[in-house]
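Residue numbers (the numbering used here): 33 to 169.
See structure below.
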């Protein structure tokens, strides 16, 4: 199973969920997973997507606190989606080391975002990682 592709499918699902005004996420997820069938970890996608959807308000608060100069409404949807996915993994899941999660998010931002997306995503996630590292030491 390809974890990078699984994150990409999770990102696509969450992006469409938000773009379509938070319609039925299960339907979107099922369609996106079906497209890649045996290449993605369906359980991982389901866990991440449902985790983000369940915690979206708290995750968005983390984004706002870590990028106070950028109101949430002004952050590009793709950047917000990549951040939500990574913040869920950093804070709510222990499936991957933080540096892997951040690197994957930066790569998704490079691939799908604007020229500045990867720097923005890296900065926000670095702030959250540093804050959480200090809280646990």
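Ideal Cβ positions, reconstructed from N, Cα and C, are used throughout, including at glycine.
- Cα atoms of residue 107 and residue 69: separation of roughly 32 Å, rounded to the nearest angstrom.
- In the structure shown, the three-state DSSP call for residue 146 is coil.
- In the three-state reduction of the DSSP assignment, residue 72 falls in the coil class, being assigned neither a helical nor a strand state.
- Judged by DSSP secondary structure, residue 87 falls outside any alpha helix (DSSP H); it is assigned neither H nor E.
- Distance from residue 109 to residue 50 at the Cβ level is roughly 6 Å; contact confirmed, criterion being Cβ atoms closer than 8 Å.
- In the structure shown, residue 121 adopts helical secondary structure according to DSSP, grouped into three states.
- The beta carbon of residue 52 sits closer than 8 Å to the beta carbons of 60 from its chain, once the five residues preceding and following it are set aside; these are given in chain order.
- Between the alpha carbons of residue 37 and residue 67 lies a gap of roughly 11 Å.
- In the three-state reduction of the DSSP assignment, residue 162 falls in the helix class, which pools H, G and I.
- Judged by beta-carbon spacing, residue 72 lies beyond the 8 Å limit of residue 114, meaning their Cβ atoms are not closer than that value.
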